[in-house]
Amino acid sequence: MKYSSGIVALISIGLIIYGFTLLEANELVAHKCIGFGTVGIFFIAMPLFLIRVSKGKKVKDYMLNEENIRKMQGKHLEKTKDQ
1 MKYSSGIVAL ISIGLIIYGF TLLEANELVA HKCIGFGTVG IFFIAMPLFL IRVSKGKKVK
61 DYMLNEENIR KMQGKHLEKT KDQ
C-alpha cells in the first residue's frame, strides 16, 4: 500500500506523456492514453495516497464546526489583547 500510490502515479504520468507524443500519429489512441492517465491520477492514485496519509488521524479535528470556530476566534482575540 505504501508504494502503490506512487507506482500508479508514475504509470499515469507515463500514459499522459505517451499520449502527447502519440498525438500526431494516432489521435484516438492518444486521447485514450491521456484520459486513462488522468483517471489513474485523480481516481486511483490520489485516493490511495489520502487513505495512507490520513490513517490514525481524527476527522473531527479537521471539521469546521461551532466548537472549532469558537476556539479559533478565542485564539485570535487573545493575540490582539497582548499587542
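Everything in the sequence shown is counted per the UniProt record's numbering, starting at 1 for the first residue and increasing by one.
Ideal placement from N, C-alpha and C gives every residue a C-beta, glycine not left out.
Run of the alpha helix (DSSP H) containing residue 32, from where it starts to where it stops: Locating residue 32 in the sequence shown gives position 32, where the first residue counts as 1. It spans 27-39 - the alpha helix (DSSP H) in which residue 32 sits, taken as one unbroken run.
Rounded straight-line distance, which links the Cα of residue 41 to that of residue 11: In the sequence shown, counting from the first residue as 1, residue 11 sits at position 11. In the sequence shown, counting from the first residue as 1, residue 41 sits at position 41. Approximately 9 Å between the Cα atoms of the pair.
Contact between the stretch 58-77 and the stretch 28-45 (3+ Cβ pairs under 8 Å): no
Where residue 56 sits in the DSSP three-state scheme: The residue you call residue 56 lines up with position 56 of the sequence shown. Here residue 56 sits in coil by DSSP.
Close Cβ partners of residue 37 (< 6 Å) along its chain, the five nearest in sequence each way excluded: In the sequence shown, counting from the first residue as 1, residue 37 sits at position 37. Same-chain partners within the cutoff: 12, 15, 16.
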